[in-house]
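By the numbering used here, the letter at position 208 of the sequence shown is numbered 208, and the numbering carries on one by one without gaps. Positions of the beta carbon are idealized from the N, C-alpha and C atoms, including for glycine. The structure presented is a predicted model; accordingly, all values stated were derived computationally and were not measured. Shown next, in structure tokens, is the structure this report addresses.
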Amino acid sequence: MLGVVMIFLPCCNNHTSQSKSADADKPLVEVEGNYLYRYQIEQVIPPNADKKDSVQLVNNFIRNWATNVLLYETAKQNISDLSEIDKLVEEYRKSLIIHEYQQKLIQQKFSKDISEEETKAFYEKFGNQLLVNEPYVKGLLLVVPANTPQLNEVRSWVQRPNIKSLENIEKYSLKNAISYDFFMNKWTPWSEVLKKIPLQVSNSADFLSNNSFVELSDSTQRYFLKIQEHLNHGDVKPYELAKDEINNILIHKREAEFIKQFEKDLYNNAVAKKKIIFYKK
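Okay, structure coming up:
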């Protein structure tokens, strides 16, 4: 018969720190010889929780803990052969310990430095397999007040962003712009640009192919967007976009090779030192 013994959780406001420490080690709930202690319950209560919330949290925690214990004890009583489970637990424990040790080895002895030559060589060989999973653009976005001066000039600068135009935009934006995003030299997700303008696009591929300049306005602002280059979903990643992904691929490959070599050396050393004994069949 499974049983639960509930022990009253007293208010601790008037306890001294010494009595609190002593109370922390006292069990508050017992389920078939399994104990839940005061300190465990206190850990689930946020520092600024009010009394009502604290009571609810404690009640839920105790109920969940007791239910899990009851389920475990009931399961043990109704499963006659636990040997297979014990084997699985032991194998899982071994795997966790081995994994933890491997990660420690990697941190201590493995270099994650990947040269530019390695990255470029990988891109030249496998770059056509690295595809973008969303549209990207290069360009600029200038947002100005609706009644901004020099509108025609601003429009012309953004439409033809040569060195002189970019200088003019930079100077103009210091005094007049609400925001100015320059991403001519950096591939930027198209979705990030769309968040900043009042535009709904149903087919990004068609839109980007047919629009290199966009001018929009609402009641308070005017938006000038220049799209210098674009990538559609599924296009091959340019090197600058693929570089981080390639680094991760090469690091993981190196880690696997490092662990494989370590295991090989470990085995060979054990054989040489006769730590592994082979018996004749």
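May I ask you to report which of helix, strand or coil DSSP gives Leu-199?
Per DSSP, reduced to three states, the secondary structure at Leu-199 is coil, with no helix or strand assignment.
Count the CB pairs spanning the stretch 153-160 and the stretch 214-225 that are closer than 8 Å, and state whether there are at least three.
yes
In the DSSP output, which residue or residues are listed as bridge partners for Val-55?
Note: Val-55 sits in no beta bridge, so no partner.
Taking 8 Å as the CB-CB limit, is Lys-275 close to chain D?
No chain D appears in this structure, which consists of one protein chain only.
How would you call Arg-93, buried or exposed, if buried means at least 16 neighbouring beta carbons within 10 angstroms?
Flag for Arg-93 reads exposed.
Nearest-angstrom Cα distance between Asp-244 and Leu-250?
10 Å
Take the Cβ of His-230 as the centre, count every other Cβ of all protein chains shown within 10 Å, and call the residue buried at 16 or more, exposed below.
buried
What is the rounded straight-line gap between the Cα of Val-214 and the Cα of Lys-195?
Each residue's Cα considered, the two are about 15 Å apart.
Near Gln-77, what residues of its chain come up, given a Cβ to Cβ distance below 8 Å and the 5 sequence neighbours on each side ignored?
There are no such residues.
Given that a residue counts as buried once 16 or more other Cβ atoms are within 10 Å of its Cβ, and exposed if not, what is Phe-122?
buried
Using the rule of at least 16 other Cβ atoms within 10 Å of the residue's Cβ for burial, across every protein chain shown, is Leu-266 buried or exposed?
Label assigned to Leu-266: exposed.
Examine the Cβ distances between the stretch 112-121 and the stretch 135-147 and report whether three or more of them are shorter than 8 Å.
no
Rounded to whole angstroms, how far is the Cβ of Ile-45 from the Cβ of Ser-54, which I believe are closer than 8 Å?
5 Å
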